[in-house]
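**Student:** First the structure, which I've put down as structure tokens, then a few questions once you've had a look.
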Amino acid sequence: NVIPDSSGIRGFLELTDIRKDFGTFAALKGVSLEVRQGELICFLGPSGCGKTTLLRIIAGLETQTSGRIVQAGKDISRLPPMKRDYGIVFQSYALFPNLSIAENVAYGLVNRGKPRAEREARVQELLALVGLPDSGPKFPAQLSGGQQQRIAIARALATSPGLLLLDEPLSALDARVRARLRGEIRSLQQRVGITTILVTHDQEEALSMADRIVVMKQGEIEQIGTPTEIYARPASPFVADFVGKTNLLPAQCTVENRVQVGEQRFECHTNGATCKGAVQVFFRPEDVMVRGVTSATPNSAAAVIEKVEYLGSFSRVTFRLNGIEQPLTADLSLNDMAEFTPRPGGTLRVAVPADRLRVFANA
Ligand code: ATP
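Under full-length UniProt numbering, the residue at position 276 of the sequence shown is numbered 285, and the numbers go up by one with no gaps.
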């Protein structure tokens, strides 16, 4: 499953048909991908989809059963980790507890026999880069989890590698620190201009940080695209459901661009595909319109409200349409609710614009 790169830019890192079997279990089933120089790529997918295995293969920490890896024009498929050109950061900070912060950051430089003065200058530069210029004499235990991860990144960058590998670097941190570090890591990555691969199962992390997201499912790439492409034009029900909240419903195509969902008929967007027979339609909770919607509004239907969750800047309303078993959700902004307050048991007229109601042909 070679994914074409429409830009025509040759990859800095090229993975060709990477397969990995653990005994009889196929963890990677032929993954091909080009990572461009300087971009931040996220491997995103549910637990067990193979994203960590793929990262470990790129690092040489795991050997692929078959397939080729080329970095900066050089075949590294069979090189041991020490001979590859990358820095890596794991989920748990993995700093050496008995070394000072400066010694931790200098670790790779010492290994490469860099003179002391050069090492010290580089360490200072890196500590400043990650925003902890005075932390050199401290020890890991004196830093917070978020600070330790910043040091781990400084250490990974010390030898100026061509590639930065981040394996769920934020998942051990609490939500607020995680949100702040996302922005910090992204801005640091852009300043340094280093090609970076980030493994995550957190869709918000992927959407907010990546140049491109690689969505994986059961050892295969399901879709590659920019965050906007992945969110607005998911290639499959799996991607629609995994990235962002979605309403996904079985439907029947009647004529071109028209679907029957339960007792309702809607106009939809088929994205150029032929709408025929059984399909699935999907729309995002924020695509549901309520303000000014009447029976004359195209693609509208009467809804019964089941649940209302107040979430600050918006409310998530669970509702049902006539003849449709499945509960659906709408995210209503304060503006949407200017003229009414949704309450459980109440009724409401909802509409989804045709260009927001999209069709997936059933697999
Ligand atoms: P998670 O987010 O849970 O780490 P992941 O997408 O990173 O998930 P991997 O760790 O890459 O998934 O694992 C992919 C599959 O391969 C899983 O089903 C896992 O159980 C299996 N697997 C991974 N390493 C081994 C191993 N050393 N031996 C046997 N099976 C393995």
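Heads up, the beta-carbon is just placed ideally off N, CA and C, and yes, glycines get one too.
For G39 and G57, I'd like the C-alpha separation in whole angstroms.
**Tutor:** Their Cα atoms are separated by approximately 16 Å.
**Student:** For P307 versus E276, is the C-beta spacing smaller than 8 Å?
**Tutor:** Against a cut-off of 8 Å, the Cβ pair of E276 and P307 comes out as a contact.
**Student:** Please report the distance separating the alpha-carbon of N344 from that of G332.
**Tutor:** Those two C-alpha atoms are separated by around 29 Å.
**Student:** DSSP state of Y133, grouped into three classes?
**Tutor:** Correcting the residue type first, residue 133 is Gln in the shown sequence and not Tyr. In the structure shown, Q133 sits in a helix (DSSP, three-state: H, G or I).
**Student:** Rounded to whole angstroms, what's the CA-CA distance from S180 to A287? Just pull it up for me.
**Tutor:** Looking at the two C-alpha atoms, the distance is approximately 40 Å.
**Student:** Between E265 and the rest of its own chain, which residues show a CB-CB distance below 7 Å, the 5 nearest in sequence each way excluded?
**Tutor:** Once the five neighbours on either side are set aside, the close Cβ partners of E265 are C284.
**Student:** For P259, tell me which candidate among V270, D250, F251 has the shortest Cα-Cα distance.
**Tutor:** Among V270, D250, F251, the Cα nearest to that of P259 belongs to V270.
**Student:** Could you please give the first and the last residue of the uninterrupted beta strand (DSSP E) stretch that includes F247?
**Tutor:** No beta strand (DSSP E) contains F247, which is instead part of the alpha helix (DSSP H) from 246-251.
**Student:** Could you check which residue in E229, Q198, R200, T235 has the C-alpha nearest to that of A215?
**Tutor:** The option with the nearest alpha carbon to A215 is T235.
**Student:** Does the beta carbon of K38 fall short of 7 Å from some heavy atom of the ligand ATP?
**Tutor:** Outside the cutoff, so no.
**Student:** Of the residues S322, A249, Q158, which one's Cα is nearest the Cα of L104?
**Tutor:** Comparing Cα positions, the closest option is Q158.
**Student:** Can you tell me whether M218 is helix, strand or coil according to DSSP?
**Tutor:** Helix.
**Student:** What's the C-alpha gap between S342 and P294?
**Tutor:** Answer to the nearest angstrom: the Cα atoms are 11 Å apart.
**Student:** I need the DSSP call for T62, collapsed to helix, strand or coil.
**Tutor:** Helix at T62.
**Student:** Do T327 and the ligand NAP come close, with the Cβ less than 7 Å from some heavy atom?
**Tutor:** Here the bound small molecules are the ligand ATP; the ligand NAP is not part of this structure.
**Student:** Considering just the uninterrupted stretch of the alpha helix (DSSP H) at V119, what are its terminal residues?
**Tutor:** From DSSP, the alpha helix (DSSP H) with V119 extends over 110-120.
**Student:** Of all the options G122, D340, G355, L63, which has the alpha carbon lying nearest to the alpha carbon of K254?
**Tutor:** The candidate whose alpha carbon is nearest that of K254 is D340.
**Student:** My output table needs one value for L179: the three-state DSSP class, helix, strand or coil.
**Tutor:** Note: L179 maps to coil in three-state DSSP.
**Student:** What are the partner residues of D340, as DSSP defines its beta bridges?
**Tutor:** DSSP, once it has assigned bridges, lists R325 as partnering D340.
**Student:** Helix or strand or just coil, what does DSSP make of I97?
**Tutor:** Looking at I97 - three-state DSSP - the assignment turns out to be strand.
**Student:** Candidates L135, V132, A165, I194: which alpha carbon is nearest G155's?
**Tutor:** The shortest C-alpha separation from G155 is found at I194.
**Student:** With the cut-off set at 8 Å, would you say A312 and T356 are in Cβ contact?
**Tutor:** Their beta carbons are under 8 Å apart, which means A312 touches T356 by this criterion.
**Student:** Look at the Cβ atom of Q212, then the Cβ atom of F251, and state whether they are nearer than 8 Å.
**Tutor:** Contact: yes.
**Student:** Does the distance from the C-beta atom of A310 to that of G171 stay below 8 Å?
**Tutor:** Not a contact, by the Cβ cut-off of 8 Å.
**Student:** Please say whether T303 and E358 have beta carbons closer to each other than 8 Å?
**Tutor:** Correcting the residue type first, residue 358 is Arg in the shown sequence and not Glu. Their beta carbons are under 8 Å apart, which means R358 touches T303 by this criterion.
**Student:** How would you label F31, buried or exposed, when you count the other beta carbons within 10 angstroms and need 16 or more for buried?
**Tutor:** So F31 counts as exposed.
**Student:** For R242, which three-state DSSP category applies?
**Tutor:** DSSP places R242 in coil when its eight states are reduced to three.
**Student:** Just the C-alpha distance for L320 and F328, rounded to the nearest angstrom, thanks.
**Tutor:** Those two C-alpha atoms are separated by around 17 Å.
**Student:** Does the beta-carbon of G59, which I'm using as the reference point, lie nearer than 7 Å to any heavy atom of the ligand ATP?
**Tutor:** G59: yes, Cβ under 7 Å from the ligand ATP.
**Student:** Straight-line CA distance for G354 to R325?
**Tutor:** Answer to the nearest angstrom: the Cα atoms are 15 Å apart.
**Student:** Comparing alpha-carbon positions, which option in S153, E48, R65, F21 lies nearest I27?
**Tutor:** Nearest option by C-alpha distance: R65.
**Student:** Roughly how many angstroms separate the alpha carbons of residue 382 and R164, rounded to a whole number?
**Tutor:** Limits of the chain in this structure are 10 at one end and 372 at the other, which puts residue 382 out of reach.
**Student:** Rounded to the nearest angstrom, what separates M91 and A370 at their Cα positions?
**Tutor:** So the alpha carbons of these two residues sit roughly 47 Å apart.
**Student:** Note the first and the last residue of the continuous alpha helix (DSSP H) segment covering L190.
**Tutor:** That run of the alpha helix (DSSP H) goes 184-201.
**Student:** What three-state label does DSSP hand L166 in the structure shown?
**Tutor:** Helix, per DSSP.
**Student:** Give me, in chain order, the residues of the same chain whose beta-carbon lies closer than 6 Å to that of M298; leave out the 5 immediate sequence neighbours on both sides.
**Tutor:** Correct list, in chain order: A360.
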